[in-house]
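**Q** Here it is: the structure, laid out below.
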Amino acid sequence: MFTHDTAEAKNGEVDITDFDFETVKTAIDFCYGREMKTPSIETVVGMLRFADKYDIKSVTDQLVKMPRLNLSNENFPAIVLYAYDCSKDDLFEECCKFFEDHQNSIVAMEKFITLPPLFVAHLLKQTYNLNTPFKVLRYAQATGITFILDPLEQPIIPG
1 MFTHDTAEAK
11 NGEVDITDFD
21 FETVKTAIDF
31 CYGREMKTPS
41 IETVVGMLRF
51 ADKYDIKSVT
61 DQLVKMPRLN
71 LSNENFPAIV
81 LYAYDCSKDD
91 LFEECCKFFE
101 DHQNSIVAME
111 KFITLPPLFV
121 AHLLKQTYNL
131 NTPFKVLRYA
141 QATGITFILD
151 PLEQPIIPG
């Protein structure tokens, strides 16, 4: 990052605007070996996202197993979205299996309903091998995952 002819390289500073202060501070403190007080899985996922974006391998190497080991109904939305966004295919596949086993309780949670509808459509498609948008739409309707219906119907219904 500091070896190229960029503004950051010239002034030695990086302006981080896409992560909150606590996530950045916790990740940097972790790099310096400071103890973390039992971090939430959301904090760990935030640190992993930060480390992934800025290629901080020491953080990634030490924390990469934590989401998998702490996968639960409560933190499923944060972990599955991280797995998808950061192309962690093995973790995403494990999340799909977890979702298949715990779908009823997961979809009833407020955190799940706040996930992007097109992402949830992708999750359903991968989990249940639904090979067309119409099959995803029908499955979502049949199982009560209605918050994704409007965005899915738009591309299917010609205007």
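Just so it is clear: in the sequence shown, position 125 is 125 by full-length UniProt numbering, and no numbers are missing. Every residue gets a Cβ at the ideal spot worked out from N, C-alpha and C, and that includes glycine.
#1: Between the alpha carbons of Asp150 and Leu81, how many angstroms are there, rounded?
#2: Would you report the Cα separation of Phe50 and Ala27, rounded to the nearest angstrom?
#3: Mind pulling the alpha helix (DSSP H) runs of 4 or more residues that sit fully within the region 26-111?
#4: Whole angstroms is fine: what's the gap from Ile148's alpha carbon to Asn11's?
#5: Looking at the structure shown, is Thr132 part of a helix, part of a strand, or coil, going by DSSP?
#6: Alpha carbon to alpha carbon, how far is Thr36 from Ile79?
#7: Can you confirm whether the region 97-106 touches the region 61-70 when touching is taken to mean that 3 or more C-beta pairs between the two stretches lie within less than 8 angstroms?
#8: Glu100 to Tyr139, Cα distance in whole Å?
#9: On the premise that Leu137 lies in contact with Leu152, defined as a C-beta separation below 8 angstroms, what is that separation, rounded to the nearest angstrom?
#10: Can you tell which of Thr143, Asp52, Lys111 has its C-alpha closest to the C-alpha of Asp85?
#11: Give the single residue among Lys111, Glu94, Lys57, Arg34 whose Cα lies nearest to the Cα of Asn75.
#12: Where Phe19 and Thr146 are concerned, what is the direct C-alpha to C-alpha distance, given to the nearest angstrom?
**A** Reading from the atomic positions:
#1: Cα to Cα, Asp150 sits roughly 21 angstroms from Leu81.
#2: 8 angstroms
#3: Listed in chain order, the complete alpha helix (DSSP H) runs (minimum 4 residues) inside the region 26-111 are 41-53, 57-63, 66-69, 76-85, 89-107.
#4: 45 angstroms
#5: Looking at Thr132 - three-state DSSP - the assignment turns out to be coil, as it is neither helix nor strand.
#6: Note that residue 36 is Met in the sequence shown, not Thr. Going from the Cα of Met36 to the Cα of Ile79 covers about 20 angstroms.
#7: no
#8: For Glu100 and Tyr139, the distance between alpha carbons rounds to 13 angstroms.
#9: 5 angstroms
#10: Asp52
#11: Lys111
#12: 31 angstroms
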